[in-house]
Structures are given as C-alpha cells and as structure tokens.
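**Student:** Protein chains in written order, with the numbering used here: chain U, 2 to 136; chain W, 0 to 86; chain R, 2 to 202. All residues carry an ideal CB built from backbone N, CA and C; glycine is no exception. I am attaching a structure below and will ask some questions about it afterwards.
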Amino acid sequence: MWDTIIDVIAGTFMILGCMMSLAAGIGMLRFPDLLSRLHAATKPQVLGLLLLLSALALELRSWSVVPVLILAWLLQLLTAPISAHMVGRAGYRTRHLKRETLVTDELAAVVAAAGEREDHENVTKPSTDRTDFID
Amino acid sequence: MHIVLWICGVMLSIAGALAIIRLAKGPSILERVIATDVLLLIVSAALCIEMTVNRHIDNLIFVLLAAIVGFVGSVTVSRFVTDRRNA
Amino acid sequence: MSQDQRLNDAKDEQGTPQHATLRQELPLLVGMMLVWGALWQDFAPGNLVFGLLISLLLVRVFRLPPVILSGRFNILRAIGFIGIFLWDVVRASFEVMYLAIFRGPRTTSAVVAVELRTESDLLVTFVGHVLTLVPGSYIVEVDRRTSTLYLHVLNVNSTQDAEKARAAVLKIEERLIRIMGTKEELAALATEKSSVSKEEG
Numbered sequence: 002m003w004d005t006i007i008d009v010i011a012g013t014f015m016i017l018g019c020m021m022s023l024a025a026g027i028g029m030l031r032f033p034d035l036l037s038r039l040h041a042a043t044k045p046q047v048l049g050l051l052l053l054l055s056a057l058a059l060e061l062r063s064w065s066v067v068p069v070l071i072l073a074w075l076l077q078l079l080t081a082p083i084s085a086h087m088v089g090r091a092g093y094r095t096r097h098l099k100r101e102t103l104v105t106d107e108l109a110a111v112v113a114a115a116g117e118r119e120d121h122e123n124v125t126k127p128s129t130d131r132t133d134f135i136d
Numbered sequence: 000m001h002i003v004l005w006i007c008g009v010m011l012s013i014a015g016a017l018a019i020i021r022l023a024k025g026p027s028i029l030e031r032v033i034a035t036d037v038l039l040l041i042v043s044a045a046l047c048i049e050m051t052v053n054r055h056i057d058n059l060i061f062v063l064l065a066a067i068v069g070f071v072g073s074v075t076v077s078r079f080v081t082d083r084r085n086a
Numbered sequence: 002m003s004q005d006q007r008l009n010d011a012k013d014e015q016g017t018p019q020h021a022t023l024r025q026e027l028p029l030l031v032g033m034m035l036v037w038g039a040l041w042q043d044f045a046p047g048n049l050v051f052g053l054l055i056s057l058l059l060v061r062v063f064r065l066p067p068v069i070l071s072g073r074f075n076i077l078r079a080i081g082f083i084g085i086f087l088w089d090v091v092r093a094s095f096e097v098m099y100l101a102i103f104r105g106p107r108t109t110s111a112v113v114a115v116e117l118r119t120e121s122d123l124l125v126t127f128v129g130h131v132l133t134l135v136p137g138s139y140i141v142e143v144d145r146r147t148s149t150l151y152l153h154v155l156n157v158n159s160t161q162d163a164e165k166a167r168a169a170v171l172k173i174e175e176r177l178i179r180i181m182g183t184k185e186e187l188a189a190l191a192t193e194k195s196s197v198s199k200e201e202g
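So this is what it looks like as structure tokens:
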C-alpha cells in the first residue's frame, strides 16, 4: 500500500522533472534573444533537478542518502546563478540582444555614460569596440 | 513504472534534440554555451532517472561532474568573450 | 570583480591585509565539516572531527579575506524564507515553461535598475543569488559602490510590470535583512515602514 503511494509520488516527480528539462529545451528554441533564453536555460533546471533527486530519495527509501542529494542540489543552487550572471553580462556587453524585445533598459544610459568617460580619457587609443567579432 | 520511464525518455529525447538544434543554430558562442549547459543538465536528468529506476546512487558523482563542467565552461567562455572586447 | 580588488578591500587603513579570525570563519568551518560528513554519508563524531581538521587546514592554506557577518541570524524567519523561496521557484519554473510554450518569440522583457538599501557585499550577493534562482529575473550587472543591481526581467510588458519587479526585489531584500541584516539596517527598515504607513494613513 505505502509502497504504491511512494512509487506514484516518485513517478510524478520524475515526469515533472523531465517536463522542466523539456521546458528548457523549448525555451532555448523559442525565446527571441540570448538574454531571454538564459531564463529558460537556468530556471526550470533547478526545480527539475530537485524533483528528480527527491524521486531518487523516495525510491531508495533511505535517509542516509538525503544529505549527499541535498549537497548535489546545493551545488546546483550555488553555480547556476553565477554562470547565468556571467553569460548574461557578457551577452549584454557584446550586445547580443534584441532592443525591440526590451520594454525599458535602465542600464543602457549607465553604460553609455561610462563609455563616454572612457573615450575622453584615452582619445588617442583607437576604438576596439567591435561587437560582431564572435558570431 | 514502465510507462513513467517511457514518458521521461521521450521528453528528455525531445529536449535534447531541441538543445542540439540551438547548439547548431547559434547564432553566437554564448548561445552555444547555454545550449551545452542545457544539454549537460538533460544528461544529468537522465542519469538521475536511471539511478531512480535501478535504485542505486553510483551515478551521483557524474551528476555533480556535469554541473561543474557546465559551470566552469560557461564562466570561462563568458570571461573570454568580454576580454576579447576589452583587449 | 577581480580577486585583487577583494584583497585590497580587505586591507585596513595601514594597508596590512586582513585575514579572517577563527570566529569569523566558524560558519564556513561548520559548513565544510557537514559537507565532509555528507560526502562520506557518515555523520559519526570521529568522521566529523577529521572533516573539521581538514577544513581548518584548507582555510589556513588558502587564505581568504573575511566575510563580514552581521552577528544576527533569525532562524525562524530563515525557515520561513526557505519555504517562500521554494514556492517561488516552483511558481517561476512553471511560469517560464508557460511563456516558452505559449508566448515564445513574442515575449518581451526589460532591464531594471534596483538600488538596494544595504551596503553589505554579502547581502547584495544573497539578494542577487535568490533573484537569479527565483521569478523570471537574473542579474546582468552590479554596481558595488551604490549597491545597485541591474536585472533582466522576463515577461515585462509595461512600465508598471517593471515597477512590480522592482518592488519584488526590495521585498526579498527586506526579508533577507530581517534574517541576517545588521541592527542598523533593521532600524532603517522600521523607520521606512513607519513613514510609509504615515503617508498612507
């Protein structure tokens, strides 16, 4: 009786976890620009892994694996935002974004001001501000 | 359990295929990096499911490794991209 | 921010680099010890002591600038926060899934600047981390001098939506201050609340 209930819960978690991976795949393909695609890549995966690891713990029916599973999930929690931030920052700076999908951009003015200041400081330096180098 | 396994397998295969399409299409290196990240996470999801079905945790280290490889890879590449621009 | 910058910031007025004291490192040491136990799947006292020794050695060999903690930690609020956080993660994940499937290429977003109240690096990092994990937003850029976060927010269709996102960020910051902010930050929060309620009333 209890075995069946636990199995059903674990199965549901597994399907939901896979759905999160699928959502990431669909989002990767369908979102308009790099910065929105990052959302699809990072967010559903955190929940997806949590669900799959919980399903694993449920099926093993043992408490001793729980700490190491939590550790695996915490590692994901720590690293996912950092890589999202690094890729997002690089993407914004190299202008891999579609302006028309942004409703407001409160960073643009700040970046423009900083760029101007830099230009005044080294006037003789030729501009290396190319953005199309890596496509 | 058998049906669940099939559903999960199909969903993960589709997700993997979509990630590979994005990996091929690009258009920029950053997109390829996040597509690789997604692909790695799909692989670790598959490893988790295998562990759940066969009731062991031998693959957990590979799940952790996939997370670390994805992290180091995307951070390195995005550093490289910004550095090229500022150089 | 490069590592040199962090090490420079950790110097005192005379320019001698500051190292973390044992007391400041205690949370880190305990955390490392628990990780050791989890990896061995064995929380027996002997194993934990050995883990503690290894973490002490690691902390001594690879010195880091101190992480300044506020000295307060409200565990009840922390547990509540974890609950809210998990719920937010679930909601946000389904939201992103919905957007990916039904909205797709027509999804609009925004880059929003949010100036935080706190000046502590640790809290700014925490807010940034939680934000990146939770509802459709992640950090594009951080201005450390003014503690301003520049967020990329998904599914923003109007300036009202952007304002809503800003309010949500400040709410998360408020919760984190209540968990682990300094007394000064708590007091600032209280005065802010009372002035708001006076304006309303």
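Would you say U:Ser9 reaches chain R, if we count a Cβ-Cβ gap shorter than 8 Å as a contact?
**Tutor:** For the purposes of this step, residue 9 of chain U is taken as residue 8 along the first sequence, with counting starting at 1. A small correction: the amino acid at residue 9 of chain U is Val; Ser does not occupy that position in the sequence shown. It does not; no Cβ of chain R falls within 8 Å.
**Student:** Beta-carbon separation of R:Thr109 and R:Asn158 under 8 Å?
**Tutor:** In the third sequence, the residue the question calls residue 109 of chain R occupies position 108. In the third sequence, the residue the question calls residue 158 of chain R occupies position 157. Result yes, Cβ atoms of R:Thr109 and R:Asn158 sit closer than 8 Å.
**Student:** Under the rule that 16 or more other beta-carbon atoms within 10 Å means buried, what is U:Phe134, buried or exposed?
**Tutor:** Indexing the first sequence from 1 puts residue 134 of chain U at position 133. Summary for U:Phe134: the model assigns pLDDT 38, below 50, so the residue's position carries little reliability, and this model does not support an answer.
**Student:** What number of angstroms, rounded off, separates the C-alpha of R:Lys184 from the C-alpha of R:Leu27?
**Tutor:** Counted from its first residue, the third sequence places residue 184 of chain R at position 183. Counted from its first residue, the third sequence places residue 27 of chain R at position 26. So the alpha carbons of these two residues sit roughly 21 Å apart.
**Student:** Give the residues of chain W in contact with U:Ala91, contact being defined as C-beta atoms less than 7 Å apart.
**Tutor:** The residue you call residue 91 of chain U lines up with position 90 of the first sequence. Those are Leu29, Ser77, Val80, Thr81, listed as they occur along chain W.
**Student:** Give a yes or no on whether the minimum CB-CB distance between R:Ala45 and chain U is below 8 Å.
**Tutor:** Stepping through the third sequence from its first residue, residue 45 of chain R is reached at position 44. Not closer than 8 Å to any Cβ of chain U, the Cβ of R:Ala45 fails to qualify, so no.
**Student:** At a cut-off of 7 Å, is W:Cys47 close to the ligand PLP when judged by its beta-carbon and the heavy atoms of the ligand?
**Tutor:** With respect to the ligand PLP, the structure shown offers nothing to examine, as it has no ligands at all.
**Student:** Look at the alpha carbon of W:Ile19 and the alpha carbon of R:Phe44, and state the distance between them as a whole number of angstroms.
**Tutor:** Counting from one through the second sequence, the residue named residue 19 of chain W turns up at place 20. Counting from one through the third sequence, the residue named residue 44 of chain R turns up at place 43. C-alpha separation (whole angstroms): 42 Å.
**Student:** Along the alpha helix (DSSP H) that carries R:Ile83, what are the first and last residues, could you check?
**Tutor:** Residue 83 of chain R sits at position 82 when you count from the first residue of the third sequence. Element bounds for R:Ile83: 76-99.
**Student:** Looking only at C-alpha atoms, which of R:Pro46, R:Trp41, R:Ile80, R:His153 sits nearest to U:Val88?
**Tutor:** To locate residue 88 of chain U, count along the first sequence from 1; it is residue 87. For the residues R:Pro46, R:Trp41, R:Ile80, R:His153, the minimum Cα distance to U:Val88 belongs to R:His153.
**Student:** Just the chain R side, please: which residues come within less than 7 Å of U:Ile27 by C-beta, in chain order?
**Tutor:** Counting from 1 along the first sequence, the entry for residue 27 of chain U is found at position 26. Chain R residues near U:Ile27: Ala101, Ile102.
**Student:** Can you check which of these residues, U:Thr13, U:Met2, U:Ile10, U:Phe32, is closest to R:Tyr99 by C-alpha distance?
**Tutor:** As a first step, residue 99 of chain R is located in the third sequence; it is residue number 98 there, counting from the start. R:Tyr99 has its Cα closest to that of U:Phe32, out of U:Thr13, U:Met2, U:Ile10, U:Phe32.
**Student:** I want to verify the contact list: residues of chain U whose CB lies under 9 Å from the CB of R:Ser94, in sequence order.
**Tutor:** In the third sequence, the residue the question calls residue 94 of chain R occupies position 93. Under the 9 Å cutoff, chain U gives Met21, Ala24, Lys44, Pro45, Gln46, Val47, Leu48, Gly49.
**Student:** Measure the C-alpha to C-alpha separation of R:Ala93 and U:His40 and round it to an integer number of angstroms.
**Tutor:** Position 92 of the third sequence, counted from the start, is the residue given in the question as residue 93 of chain R. Position 39 of the first sequence, counted from the start, is the residue given in the question as residue 40 of chain U. Rounded to whole angstroms, the gap between the alpha carbons of R:Ala93 and U:His40 is 10 Å.
**Student:** Rounded to whole angstroms, what is the Cα-Cα separation between R:Thr147 and R:Glu186?
**Tutor:** As a working note, residue 147 of chain R is residue 146 in the third sequence. As a working note, residue 186 of chain R is residue 185 in the third sequence. Cα to Cα, R:Thr147 sits roughly 15 Å from R:Glu186.
**Student:** Shortest alpha-carbon distance to R:Leu171 belongs to which of R:Asn156, R:Leu155, R:Lys194?
**Tutor:** Here residue 171 of chain R is taken as the residue at index 170 of the third sequence, counted from 1. Minimum Cα distance to R:Leu171 is reached at R:Lys194.
**Student:** Using the beta-carbon of each residue, which ones in chain W are nearer than 7 Å to U:Arg38?
**Tutor:** What you label residue 38 of chain U is simply residue 37 of the first sequence in a count that begins at 1. Chain W residues near U:Arg38: Glu30, Ile33.
**Student:** For R:Ala45, which three-state DSSP category applies?
**Tutor:** What you label residue 45 of chain R is simply residue 44 of the third sequence in a count that begins at 1. R:Ala45 falls in the coil class under three-state DSSP.
**Student:** Can you check whether the CB of R:Val135 is closer than 8 Å to the CB of R:Phe95?
**Tutor:** Sequence index remark: in the third sequence, residue 95 of chain R carries index 94 (1-based). Sequence index remark: in the third sequence, residue 135 of chain R carries index 134 (1-based). Going by C-beta atoms, R:Phe95 is not nearer than 8 Å to R:Val135.
**Student:** Please name the residue or residues paired with R:Val143 in a DSSP beta bridge.
**Tutor:** Mapped onto the third sequence, residue 143 of chain R falls at position 142. Its beta-bridge partners are R:Leu150.
**Student:** In the structure shown, what three-state DSSP assignment does W:Asp57 receive?
**Tutor:** For the purposes of this step, residue 57 of chain W is identified with residue 58 of the second sequence, where counting begins at 1. Coil.
**Student:** For U:Leu85, return the contacting residues in chain R, with the cut-off set at a CB-CB distance below 7 Å.
**Tutor:** Counting from 1 along the first sequence, the entry for residue 85 of chain U is found at position 84. Reading off the sequence, residue 85 of chain U comes out as Ala, not Leu. Going along chain R in sequence order, the residues near U:Ala85 (Cβ under 7 Å) are Thr133, Tyr139.
**Student:** Check whether the Cβ of U:Glu60 lies closer than 8 Å to any Cβ atom in chain R.
**Tutor:** Here residue 60 of chain U refers to the residue found at position 59 of the first sequence. False, the Cβ-Cβ gap to chain R never drops below 8 Å.
**Student:** For W:Arg31 and U:Met29, which I take to be in contact (beta-carbon distance under 8 Å), what is that distance rounded to the nearest angstrom?
**Tutor:** Position 32 of the second sequence, counting from 1, holds the residue named residue 31 of chain W. Position 28 of the first sequence, counting from 1, holds the residue named residue 29 of chain U. No, W:Arg31 and U:Met29 are not in contact; Cβ-Cβ is about 11 Å, not under 8 Å.
**Student:** For U:Thr125, is the classification buried or exposed, using 16 other Cβ atoms within 10 angstroms of its Cβ as the cut-off for buried?
**Tutor:** Here residue 125 of chain U refers to the residue found at position 124 when the first sequence is read from its first residue. At U:Thr125, the pLDDT of 40 sits below 50, so the modelled position is not reliable; the number obtained from the coordinates is stated separately. When all chains shown are included, U:Thr125 counts as exposed.
**Student:** Count the other C-beta atoms from every protein chain shown that fall within 10 angstroms of the C-beta of U:Pro82, then say buried if there are 16 or more, exposed otherwise.
**Tutor:** Here residue 82 of chain U corresponds to residue number 81 of the first sequence, with the count starting at 1. Looking at its Cβ environment, which holds 16 or more other Cβ atoms inside 10 Å, U:Pro82 is buried.
**Student:** Just to confirm the assignment: which complete alpha helix (DSSP H) runs, minimum length 4, are found wholly within the stretch 6-94 of chain U?
**Tutor:** 35-61, 67-94
**Student:** From the beta carbon of R:Met34, is the nearest beta carbon of chain U less than 8 Å away?
**Tutor:** Sequence index remark: in the third sequence, residue 34 of chain R carries index 33 (1-based). The beta carbon of R:Met34 does not come within 8 Å of any beta carbon belonging to chain U, so the residue lies off that interface.
**Student:** Which class does W:Thr51 belong to by DSSP, given the choice of helix, strand or coil?
**Tutor:** The sequence position of residue 51 of chain W within the second sequence is 52, counting from 1. Residue state, collapsed to three classes: helix.
**Student:** Closest by CA to U:Gly49, which one among W:Val62, W:Asn53, W:Ile56, W:Asn58?
**Tutor:** In the first sequence, counting from the first residue as 1, residue 49 of chain U sits at position 48. The candidate whose alpha carbon is nearest that of U:Gly49 is W:Val62.
**Student:** Would you call R:Gln103 buried or exposed, if buried means 16 or more other Cβ atoms sit within 10 Å of its Cβ?
**Tutor:** Numbered from 1 along the third sequence, position 102 holds the residue referred to as residue 103 of chain R. For the record, residue 103 of chain R in the displayed sequence is Phe; it is not Gln. Exposed, since its Cβ has fewer than 16 Cβ neighbours within 10 Å.
**Student:** For U:Val66, does the count of other Cβ atoms within 10 angstroms reach 16, so buried, or fall short, so exposed?
**Tutor:** In the first sequence, counting from the first residue as 1, residue 66 of chain U sits at position 65. By the neighbour-count rule (16 or more Cβ atoms within 10 Å), U:Val66 is buried.
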